[in-house]
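Q: I am attaching a structure below and will ask some questions about it afterwards.
Numbering (UniProt numbering), first residue to last: 1 to 399.
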């Protein structure tokens, strides 16, 4: 009797109840997890169904008118202007978020009731899409640039740091720079430095040659600039690189109608960089060989806050550049880089790359698949002779 009473003591009952509660709790958690998974699957299937239905409706429906929102009348109605110029008071589809209904937004209008059924992306000139640098083209690291360590540091301070760590400028209480000008002789690495920034910063990158946007039609060049900066603001963080800026940024003088079109383009550029609409996380890099010809309004702080000179490399810089270009070449024997650097006095980065190319050509000419020291020496002398033509006056033989 005492043994049976011990089996049914209050303590044993309590332990048994606790075990049952624990088992029921575990079962409830398992069932809840299954229910949550089923609910997620149902919601996902509903979203997929809505997407399929929208796609089916778009395939079966007729086209839409394109318009622009001019004014918000109230929470339900807007004044829009169609492509034809007619204005209409219309409503909008409830699936559109109210915060998307902004003045100036491009919209699709239902063809019969003119109800706004979709928000369209901003109209962008096809030239702007061609300016984008794809991820496949971002293949240059800072280690592949020699002799420009100080210039790289300054560039990263002005362009990379405000995009990656903007809170540092807020903490100090200063506004980050808007733009930087790279200037110096041809072939010194201005464009290469901009490409390295594009490859190492997680941001959209637009590259344009200034002369390519100068159009013979009045106002077209300024329009392309406006759309380029608007595209950059919508895809920020974004870096805009304008090469050969002296094509549109020269000092303003009275001239022909074509000169006035260039001046209008310059004024649009000035407005975009320092107008009422802030650039935000958009940085501008410009490059030129002729900084003395640029307009003073473009050069002032607030637009181009930092000017970085990319000069001819010194002896140590030439050695770094030469080793970088020669690292990809199949070589045999010892290469006396110091003697090659001595022969390359006055060379820029492009010339040193050409030395490596010519050395490879000498090897091919001698039926070799490797380059020796003598090839580099011959190549350096050949490039040095070719550089004499850059400063020598043209001489014409008498007929």
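Even glycine gets a Cβ: it sits at the ideal position worked out from N, Cα and C.
1. Could you please give the first and the last residue of the uninterrupted beta strand (DSSP E) stretch that includes residue 241?
2. Assuming the contact rule is C-beta atoms closer than 8 Å, residue 66 and residue 108 should be a hit. Round their C-beta distance to whole Å, please.
3. Buried or exposed for residue 253, going by 16 or more other Cβ atoms inside 10 Å?
4. Shorter than 7 Å, the distance from the beta carbon of residue 389 to the closest heavy atom of the ligand FMN, or not?
5. Quick check on this structure: which residue in 127, 139, 189, 13 has the alpha carbon closest to the alpha carbon of residue 310?
6. Please say whether residue 213 and residue 221 have beta carbons closer to each other than 8 Å?
7. Under the assumption that residue 353 contacts residue 147 (Cβ atoms under 8 Å), give the Cβ distance between them as a whole number of angstroms.
8. Pop quiz: residue 356 and residue 326 are said to be a contact at Cβ under 8 Å. What is the actual Cβ separation, rounded to whole angstroms?
9. Tell me which residue opens and which closes the alpha helix (DSSP H) that residue 155 is part of.
10. Could you give the distance in angstroms between the alpha-carbon of residue 100 and the alpha-carbon of residue 201?
11. Taking the beta strand (DSSP E) that residue 169 belongs to, which residues open and close that run?
12. Straight-line CA distance for residue 130 to residue 205?
13. If we ignore side chains and look at the alpha-carbon of each, how far apart do residue 399 and residue 389 end up?
14. At the level of alpha carbons, what is the spacing between residue 91 and residue 196?
15. Are the CB atoms of residue 383 and residue 358 nearer to each other than 8 Å?
16. In the DSSP assignment, the alpha helix (DSSP H) including residue 187 goes from what residue to what residue?
17. Residue 155 and residue 180 - do their beta-carbons sit closer together than 8 Å?
18. Would you mind working out which of 264, 279, 248 sits nearest residue 230, comparing C-alpha positions?
A: Taking the geometry as given:
1. 238–243
2. 6 Å
3. exposed
4. The ligand FMN is not part of this structure, which contains no ligands at all.
5. 189
6. It is a contact, given that the beta carbons lie within the stated cut-off.
7. 13 Å between Cβ atoms; not a contact.
8. 5 Å
9. 149–155
10. 30 Å
11. Unbroken run through residue 169 is the alpha helix (DSSP H), 166–172; no beta strand (DSSP E).
12. Distance between the alpha carbons of residue 130 and residue 205: 11 Å.
13. Low confidence applies to residue 399: its pLDDT is 37, below 50, so where it sits in the model is not reliable, and the reading given next is rough at best. Between residue 399 and residue 389, the C-alpha separation is close to 21 Å.
14. 49 Å
15. yes
16. No alpha helix (DSSP H) contains residue 187, which DSSP labels as neither H nor E.
17. yes
18. Here the closest residue by C-alpha is 279.
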